[in-house]
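Going by the numbering used here, 274 is the number at position 254 of the sequence shown; the sequence numbering is gapless.
Glycine included, C-beta positions come from ideal geometry on N, C-alpha and C.
Source: prediction; values computed, not measured.
Below: the structure, in C-alpha cells.
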Amino acid sequence: MKVGIIGYARSGKTTIFNALTGAHAEVGAFGSRDANVAVVKVPDERVERLAEIYKPKKTVHAEFAFMDIAPNEAAGADKALNEAALTVLKNVEALVHVVRAFHDDNVMHPLGTVDPLRDCRALDEELQFSDLIIIEKRLERLEKENRKDKEYALLRRCREHIEAGKPLRTMELSAMERTELTGFTFLSLKPLMLLGNYGDDAIGHKDPSGIEPYAREHGLPKIDLCGAMEMEVAELPEEDRAQFRQELGLGEESRTAFLHHAYDLLGLMSFLTAGDPEVHAWTIPKGTKALEAAGVIHSDIQRGFIRAEVVHYDDFMAAGSMAKAKEAGHVRLEGKDYLVRDGDIMLFRFNV
C-alpha cells in the first residue's frame, strides 16, 4: 500500500514523515528533490499470536510505503503540487494531506498566511483540476473518433461532478465503473485523509488544527499531530517515549495510532495466511472478494482459483488450533464471490 504525503511547502510534511516512519529525512530541504520514501509495518497482535503458534520461518506484517512528495517551490507559486508531483501521485493508492496549523514567523507559508481551511479547499481543488484536464483530453479524442459509448458517458458524468466543485471520491460509482476508471489514476478519486499539523501551543485543545468542521462536512478522515514534538519523541529510545509523551500531554503513541487510524479510515483491512513457512498479513480494501484477495498473493492463485478455506482469527484462537477449529465447524469452503472479512485466515485451493 503506497500512501502519498502531500501539502504546501513548509507545512511540516517531512517532519510528519520522519515522526511516522522513524526516518531521518532532511527537514527544510526546499527546492527540487525526489520524494522521501519509507516502509512502515502496521502493528497487528494477530500476526504475533499466530507466529507464536506456528513458529514460522518468516513473519510478514501489513505495510505502508509512505512517500513524502516534494512540494512546489517555484517562485511565487500558489499551488501545492507541480507537474512532477502530480505524476508521482499517479502511483500511490491513497493520499494524506498535511495541513499546516502551526504559526512560526521564521517559516513563512507560501501563501503568506496560515489558514488551514483555505489549504484544505485549495489543495483538493488542485486534485480535481488535474483530473478535469485528463477528462477533457479523453473526451475530445472520443468525440473526434465519434465514439460516444459507455466510456464517453461515464467521463461526461465525471466532468459534470468536478465542474460542480466535487471530487470524484464523492461520486456514486458502481464496482464496474470504478474498474473502468482505474487506468486514468484520477487523483480526486483516491482516498484522502487530513492530518492537521499543529504547534505546541495547541497541545490539549479539542480541535488543535481547526479542521474538524471541514473534515466532517466533506466526510474525510482526520487526525491531528504536533509534528515537531512527535519527531522529537521518535528520536528518543523506545523505553523513554511513553513517559515523555505523558509529560508533554501528547496522548497515545502517535505512530501506532495513526497507522491503525489510517488503515481503517482509508477503507483497508487485513486477511491472514498462516503456516510453518510463513505467517503473513495481506492488505486489501474493505469489500474485497475472495478471487481478488487471491490475486493479492499471486496472479496464478487468482487465475487458477477453485475454493478458499476460511476460518476467522477469533474462531481459530478460541479453538486453539486448525484441527480443533475444523472439528468445531468453524472452517468452511468459500467461492470466488465470498466477501473477505478483516481477520479471516485463508488457504486458497487453485490449479494452473
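Residue interval of the alpha helix (DSSP H) (run including residue i)
i	result
Gly-247	247-254
Asn-38	33-41
Ile-89	Neither: Ile-89 is in no alpha helix (DSSP H) and is coded neither H nor E.
His-318	Run containing His-318: none; DSSP gives neither H nor E here.
Leu-137	136-164
Leu-359	Careful: Leu-359 lies outside any alpha helix (DSSP H) and carries neither H nor E.
Ala-235	232-238
Met-337	333-339
Ala-71	65-74
Whole-Å CB distance - residue i paired with residue j, under 8 Å assumed
i	j	result
Pro-91	Lys-33	7 Å
Gly-62	His-81	It is Val, not Gly, that sits at residue 62 in the sequence shown. Indeed they touch by this definition, with Cβ atoms about 6 Å apart.
Leu-214	His-117	5 Å
Leu-115	Gly-42	Not really, about 21 Å apart at Cβ, beyond 8 Å.
Arg-236	Pro-211	Incorrect: roughly 17 Å between the Cβ atoms, too far for contact.
Lys-306	Leu-288	7 Å
Leu-207	Asp-151	6 Å
Gly-239	Pro-136	Gly-239 to Pro-136, Cβ: 18 Å. No contact.
Extent of the continuous beta strand (DSSP E) to which residue i belongs
i	result
Pro-305	298-305
Asp-364	364-370
Phe-264	Here Phe-264 belongs to no beta strand (DSSP E); instead the alpha helix (DSSP H) covers 258-268.
His-181	Run containing His-181: none in the beta strand (DSSP E); it sits in the alpha helix (DSSP H), 170-183.
Ile-26	22-26
Met-128	Note, Met-128: premise wrong, no beta strand (DSSP E); not H, not E.
Arg-30	It is not in any beta strand (DSSP E) - Arg-30 carries neither H nor E in the DSSP assignment.
Leu-115	114-120
Buried or exposed (CB count within 10 angstroms, at least 16 for buried), residue i
i	result
Gln-322	buried
Leu-256	exposed
Ile-153	exposed
Glu-160	exposed
His-123	exposed
His-181	buried
Arg-120	buried
Arg-30	buried
Pro-233	exposed
Ala-95	Its pLDDT being 48, under 50, Ala-95 is placed unreliably in this model, and the value from its coordinates should be taken loosely. Ala-95 comes out exposed.
Met-251	buried
Gly-51	With a pLDDT of 49 at Gly-51, under the threshold of 50, the predicted position of this residue should be treated as unreliable, and no value is reported.
Asp-244	buried
His-318	exposed
Ala-277	exposed
Leu-143	buried
Arg-275	buried
Beta-carbon proximity of residue i to residue j, cut-off 9 Å
i	j	result
Asp-139	Leu-131	yes
Ala-254	Asp-220	no
Phe-365	Leu-70	Rather than Phe, the amino acid found at residue 365 in this sequence is Ile. Yes.
Ala-294	Tyr-28	no
Ala-301	Val-67	yes
Ala-85	Val-59	yes
Phe-204	Arg-158	yes
Arg-327	Arg-361	no
Thr-79	Val-299	yes
Contact with chain D by residue i, beta-carbon distance below 9 Å
i	result
Ser-290	Protein chain content of the structure displayed is limited to a single chain, and chain D is not contained in it.
> Are the stretch 337-344 and the stretch 297-316 touching, with three or more C-beta to C-beta distances below 8 Å?
Replying inline: By the Cβ test, the stretch 337-344 is not in contact with the stretch 297-316, since fewer than three Cβ pairs between them sit closer than 8 Å.
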